[in-house]
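J.: Here you go, one structure.
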Amino acid sequence: MIEIGPYEIHAIETGRFRLDGGAMFGVVPRVLWEQKTQPDALNRIPMSMRALLAVDRAAGRVILVDTGAGDKWTADEIERFAFDIEGDRLGAGLRTHGLGDDDVTDVIITHLHFDHNGGLTRWEDADAQRATPRFRKAKHWLHAGHYAHATAPTQKDRASFYERDIQPIAEAGLLELVEGDDPKSLIPNVSWFLANGHTPYQMLPRFFDDNAAIQYVADLIPTVAHLPIPWVMAYDNEPLKTMTEKQQILRDCAEQNLMLFFEHDPQVAAAYIDTTAKRPKVKDVVPC
Ligand SMILES: [Zn+2]
Numbered sequence: 007m008i009e010i011g012p013y014e015i016h017a018i019e020t021g022r023f024r025l026d027g028g029a030m031f032g033v034v035p036r037v038l039w040e041q042k043t044q045p046d047a048l049n050r051i052p053m054s055m056r057a058l059l060a061v062d063r064a065a066g067r068v069i070l071v072d073t074g075a076g077d078k079w080t081a082d083e084i085e086r087f088a089f090d091i092e093g094d095r096l097g098a099g100l101r102t103h104g105l106g107d108d109d110v111t112d113v114i115i116t117h118l119h120f121d122h123n124g125g126l127t128r129w130e131d132a133d134a135q136r137a138t139p140r141f142r143k144a145k146h147w148l149h150a151g152h153y154a155h156a157t158a159p160t161q162k163d164r165a166s167f168y169e170r171d172i173q174p175i176a177e178a179g180l181l182e183l184v185e186g187d188d189p190k191s192l193i194p195n196v197s198w199f200l201a202n203g204h205t206p207y208q209m210l211p212r213f214f215d216d217n218a219a220i221q222y223v224a225d226l227i228p229t230v231a232h233l234p235i236p237w238v239m240a241y242d243n244e245p246l247k248t249m250t251e252k253q254q255i256l257r258d259c260a261e262q263n264l265m266l267f268f269e270h271d272p273q274v275a276a277a278y279i280d281t282t283a284k285r286p287k288v289k290d291v292v293p294c
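Following my numbering from start to finish, the sequence shown increments by one per residue and tops out at 294.
Given below as structure tokens:
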């Protein structure tokens, strides 16, 4: 278990899915990326949808970072994305730590792409396409700039947003919008790293104390194979920005021994990074 500040930190595997390997690695040729991850017959690579759970037992604070894809999917969509989401693994993960949905006090929404936060809501009435918030007692932290983008996305990432994932949260008055380009976090021992290359105002939490820190990297560095600076997804709106932002994170890994928490890597949840080699790579995997 990782302990930082008042928090115990755990990984919750909410499910798996697959995306096109070419799209996941941008300009990197398949002959290189297939050495890192083996695609299926449809050229898709396996990906995790891993939430981070931070619990401060003394204060009764339960923080969830991202929520997976949820279960509001049709049979066709389940096949297209090879969603492996049988059973409520997010709920089971919370129960493992003695927690239920209504114990969650804070949900941190890195961004609103469906594979990250479809789990925010559930169908109340699937036929009427009416969804309802899952974490009814929680403040839902989201950057205002990303919220604005998600309601008017670019042609490039329009297909990744679903109104049903966020509108019910807003309507229930559960949204806490974070403003500005250098926002201070109101959650103890948490700071924000804003990453704009993948999608505007992706908001990545860093849990820290005087001795250690762990950074949730979501779609800034989706898997350990994406640690080298030019290994950037074709999905990114502004890949050059992503490269600069990765450099900043890797500098903190080198100078502050920052741990990274990977949302999409099929094997590695948390790790220290070796930045001294020609290409950055995992140094030590940290169980969590
Ligand atoms: Zn994304």
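Heads up, the beta-carbon is just placed ideally off N, CA and C, and yes, glycines get one too.
Would the stretch 185–194 count as touching the stretch 154–161 if we require 3 or more Cβ pairs under 8 Å?
T.: The stretch 185–194 is not in contact with the stretch 154–161.
J.: Spatial neighbours of residue 106 within its chain, please: C-beta separation below 7 Å, excluding the five flanking residues on both sides.
T.: Here residue 106 is taken as the residue at index 100 of the sequence shown, counted from 1. If we look at residue 106 and ignore the five residues flanking it on each side, its Cβ neighbours are 100.
J.: Sort 219, 237, 238 by Cα distance to residue 14 and report the nearest one.
T.: By 1-based counting over the sequence shown, the position of residue 14 is 8. Measuring from the Cα of residue 14, the nearest candidate turns out to be 219.
J.: By how many angstroms is the C-alpha of residue 75 removed from the C-alpha of residue 333?
T.: Summary: the structure shown does not reach residue 333, with the chain confined to residues 7 through 294, and so no result is reported for it.
J.: What runs of the beta strand (DSSP E), each 3 residues or longer, lie entirely inside the stretch 194–231?
T.: DSSP runs (the beta strand (DSSP E)) wholly in the stretch 194–231: 196–201, 208–214, 219–222.
J.: Alpha carbon to alpha carbon, how far is residue 118 from residue 260?
T.: Indexing the sequence shown from 1 puts residue 118 at position 112. Indexing the sequence shown from 1 puts residue 260 at position 254. Near 30 Å, if we compare the C-alpha coordinates of residue 260 and residue 118.
J.: Any heavy atom of ligand 1 inside 8 Å of the beta-carbon of residue 205?
T.: Indexing the sequence shown from 1 puts residue 205 at position 199. Residue 205 Cβ: within cutoff of ligand 1.
J.: Taking C-alpha atoms, which residue in 223, 186, 196, 12 lies nearest to residue 65?
T.: Residue 65 sits at position 59 when you count from the first residue of the sequence shown. Measuring from the Cα of residue 65, the nearest candidate turns out to be 12.
J.: Buried or exposed: residue 252, going by 16 or more other Cβ atoms within 10 Å of its Cβ?
T.: Within the sequence shown, the letter at position 246 stands for residue 252. The residue is buried, with at least 16 neighbouring Cβ atoms inside 10 Å.
J.: Does ligand 1 have even one heavy atom less than 8 Å from the beta-carbon of residue 271?
T.: Reading the sequence shown from its first residue, position 265 is the one you call residue 271. Answer for residue 271: no, Cβ out of range of ligand 1.
J.: Using DSSP with H/G/I as helix, E/B as strand and the rest coil, what is residue 39?
T.: Counting from 1 along the sequence shown, the entry for residue 39 is found at position 33. In this structure, residue 39 counts as helix in the three-state DSSP scheme.
J.: Would residue 137 be called buried (16 or more neighbouring beta carbons within 10 Å of its own) or exposed?
T.: Numbered from its first residue, the sequence shown carries residue 137 at position 131. Residue 137 should be labelled buried.
J.: In angstroms with no decimal places, state the Cα-to-Cα distance between residue 230 and residue 111.
T.: In the sequence shown, the residue the question calls residue 230 occupies position 224. In the sequence shown, the residue the question calls residue 111 occupies position 105. If you take the alpha carbons of residue 230 and residue 111, they lie about 30 Å apart.
J.: So for residue 265, helix, strand or coil by DSSP?
T.: Stepping through the sequence shown from its first residue, residue 265 is reached at position 259. Correct three-state label for residue 265: strand.
J.: What number of angstroms, rounded off, separates the C-alpha of residue 236 from the C-alpha of residue 8?
T.: In the sequence shown, the residue the question calls residue 236 occupies position 230. In the sequence shown, the residue the question calls residue 8 occupies position 2. Cα-Cα distance, rounded: 30 Å.
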